[in-house]
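Numbering (the numbering used here), first residue to last: 444 to 963.
Quick notes on the structure that follows.
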Amino acid sequence: MNLKTKFLFIPLLFLFSFSEAQPTTLNIKKLTSENGLSDNQVTCIIKDKSGFIWVGTKNGLNRFDGREFYIFRHDENNNSSIGGNNISCLEMDDDSILWIGTASAGFSSYNFRNGKFTNYNKNNSPLSSNSVNDIAFDRNRNKLWIAYNHKGLQTFDLKKSSLDSGNYSANTFYDVLIKDNNVYLAGINQSLGWLKTINNKLNDYSDTASTINKIFLSRGNRILVGAWDNGLHEFDNNSQRINTFLFDGSSQLNKSGNEIISIAEDDEGILWCGTKSTGIKFFDLKSNTFQQKYILPGVNSRRITHLYNDNKNRMWIGTEVGLFIYDPIGNLFQITHLPVPSNSPQCKVYDKLFLLSGTEIIVSECGLFYKKSNDQEYQHKNLFYRGEKQQLFSLFRDYKNRIYVGSNKTLFYLDTIDFTITNMYCNASLSDAGFNSVVSSRINNLTQLAHHDDTVILASVYGHVPYIIYPEKKNIFMLIAESNNKDDYIDNLTNKLFIDSKNNFWICECFTRNNQSVHS
């Protein structure tokens, strides 16, 4: 054998499988005031052309650069500060100006070129109200549509930087959608409102979908809305309801109080529908059905105040307890929840193996998990050695398809028919080598080495020296490295063994030279 010690970093990769019949559990990141967010009650989210994410809250506007938040709050002594702190909505125009609606201080614009806010309120402008629910940019007309609470709707001319005279209705409007040259409105106690042209009378409709919370235009140009009921409603371009899809599993519409209040679409054509009290419902735009597509830990039972999908397919989820972020890049691996025994305080998974028969085997601190090719779920089994339940740390298949399992005591053969273990037999003269009972340690890594015509198994025992095992000859040897430097002390904390394409044997461990730790 050619034994060499070299500096080597080897990443450890854990793979998790999942059943397609089950909803996928997503890894999501949560940001709160502890991470620098101005307030945990998130109301609105948008991304600007520079890549910043803007987050409106009940107490301040936040600019997020991916690492930290910069907070904007009203300063009575600074006329260039934001007009109010209770942010209700955000919008971007074609000049990259950010428009900010507030719950009680009118609306503001933020010019990134000079870092200053311009404020519009009832004291300095002919606003119908200081309570702004929504701002929508109308590209065709170069205007903003300002939706108020109890005071109807006004337009703002971007070229003149002033409000147009007159307003539409005296109703409360929650949301505005611009599609082609049409303006669609979500008003209280009415169905989807529609303005064909800017000077036309607002068309009100009485319909099942009365009092709409949110209007959304899908990438396929479908108009979908959430209203004060348990349905997702679809409208045509003439503001006529053409479909209703129930999201709560019931057979008819009802006003139970749980309703869709926020909507966003991801790159897979899945509509994320945020509800008042039961988290997010997932609607497949291809099959027109609600499906339990994903599980979002910490989000499932929350009020979803806002949803925003950016150009990297990240979903930003606003709630009353903080901001959640789903990033597809961080979800390249799927997660399966194993049937961990209730009496196991912890059950860390260490390794997984696929057999030729299709059976999957997983080893963990709380025993063995296996799933045969025709099974839907994993089964759990405790393995015992000398009457003691084993913690399993490594799993390996050699050239002859023999399966080895390393535990907190020793190394075993694994019978993959009935999932039983047999300990390795070795020369009786080596009984004092500690291999049959690696006390307070674990076999954390296994690999194999070609040596003449034999298969040689190498076992790394954390806290002990590595072992060389000849299964055919039933011989086991301790591997004690020697150093030419008398000041070197070889450590016994081996982390990884590796055989490269030239049959070189690498050991990743630590030794001491002149009282300094050196990795080898």
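Backbone N, C-alpha and C fix where the C-beta goes; we use that ideal spot for every residue, glycine too.
Note that the coordinates shown come from a computational prediction; the quantities given were computed from them, not determined experimentally.
Going by Cα to Cα distance, which pick from the options is closest to residue i?
i, options, result
"Gly609", "Leu596, Ile488, Phe507", "Leu596"
"Leu660", "Val806, Cys790, Ala707, Asn557", "Ala707"
"Ala902", "Phe836, Tyr842, Thr865, Phe862", "Phe836"
"Leu587", "Asn680, Gly801, Thr654, Gly544", "Gly544"
"Asn521", "Asn529, Lys559, Asp508, Gly692", "Lys559"
"Gly810", "Asp794, Asn817, Gly801, Leu799", "Asp794"
"Gln819", "Asn774, Asn567, Pro782, Ile530", "Pro782"
"Cys532", "Ser944, Phe512, Gly503", "Gly503"
"Ile846", "Gly741, Thr762, Pro914", "Pro914"
"Ser807", "Asn786, Ser850, Gly773, Phe767", "Ser850"
"Gly741", "Gly761, Lys755, Thr732, Phe725", "Gly761"
"Thr654", "Asn624, Lys639, Ala548, Gly700", "Gly700"
"Arg662", "Asn656, Thr748, Asn752", "Asn752"
"Phe733", "Ile713, Trp759, Arg746, Asn786", "Ile713"
"Arg556", "Gly549, Lys815, Val626, Ser539", "Ser539"
Is the beta carbon of residue i less than 8 Å from the beta carbon of residue j?
i, j, result
"Leu892", "Ile942", "yes"
"Thr500", "Ser481", "yes"
"Thr853", "Asn879", "yes"
"Ala546", "Ser574", "yes"
"Ala590", "Tyr563", "no"
"Ile864", "Leu922", "no"
"Leu796", "Leu766", "no"
"Gly717", "Ile704", "yes"
"Phe580", "Glu534", "yes"
"Thr486", "Thr748", "yes"
"Leu570", "Leu606", "yes"
"Asn624", "Lys602", "no"
"Ser552", "Thr561", "yes"
Near residue i, what residues of its chain come up, given a Cβ to Cβ distance below 8 Å and the 5 sequence neighbours on each side ignored?
i, result
"Arg665", "Glu677, Leu728"
"Asn681", "Trp637"
"Thr687", "Thr651, Ala652, Gly674, Leu675, His676, Glu677, Leu696"
"Pro788", "none"
Does DSSP classify residue i as helix, strand or coil?
i, result
"Leu808", "With the sequence shown as reference, residue 808 is identified as Glu, and Leu is not the correct amino acid for it. Note: Glu808 maps to coil in three-state DSSP."
"Glu915", "coil"
"Ile1045", "Since the displayed the chain opens at 444 and closes at 963, residue 1045 lies outside it and no answer follows."
"Gly801", "coil"
"Gly773", "helix"
"Glu477", "helix"
"Thr613", "The sequence as given places Ala at residue 613; Thr does not occur at that position. Looking at Ala613 - three-state DSSP - the assignment turns out to be coil, as it is neither helix nor strand."
"Phe862", "coil"
"Cys790", "coil"
"Asn946", "coil"
"Phe725", "strand"
"Cys951", "strand"
"Gly578", "The residue asked about is misnamed: residue 578 is Ile in this sequence, not Gly. Correct three-state label for Ile578: strand."
"Ala548", "coil"
"Val881", "coil"
"His749", "strand"
"Asn651", "Reading the sequence as shown, one finds Thr at residue 651 and not Asn. Correct three-state label for Thr651: coil."
"Tyr932", "Low per-residue confidence applies at Tyr932: pLDDT is 48, beneath 50, and the placement is therefore not dependable enough to give any value."
"Ile666", "strand"
"Asp897", "strand"
"Phe836", "strand"
Buried or exposed: where does residue i fall if 16 or more other Cβ atoms within 10 Å of its Cβ makes it buried?
i, result
"Glu702", "buried"
"Asn592", "buried"
"Asp679", "exposed"
"Gly801", "exposed"
"His894", "exposed"
"Leu799", "exposed"
"Ser634", "buried"
"Arg582", "exposed"
"Asp417", "An answer regarding residue 417 cannot be provided, because it is not within the stretch 444 to 963 covered by the chain."
"Tyr842", "exposed"
"Arg516", "exposed"
"Asn505", "buried"
"Arg885", "buried"
"Asn576", "buried"
"Pro909", "buried"
"Lys719", "buried"
"Ser493", "exposed"
To which residues of the same chain is residue i closer than 6 Å at the C-beta, ignoring the five residues directly before and after it?
i, result
"Ile900", "Gln891, Ile912"
"Phe812", "Leu781, Ile805, Tyr821, His823"
"Ile496", "Lys490, Phe507"
"Ile738", "Pro466, Thr468"
"Asn656", "Tyr617, Gly669, Ile704"
Which residues in the same chain as residue i place their Cβ atom closer than 7 Å to its Cβ, once the five residues preceding and following it in sequence are excluded?
i, result
"Gln683", "none"
"Asn774", "Leu469, Asn470"
"Ile631", "Asn614, Thr615, Thr654"
"Lys698", "Trp671, Asp672"
"Asp710", "Asn756"
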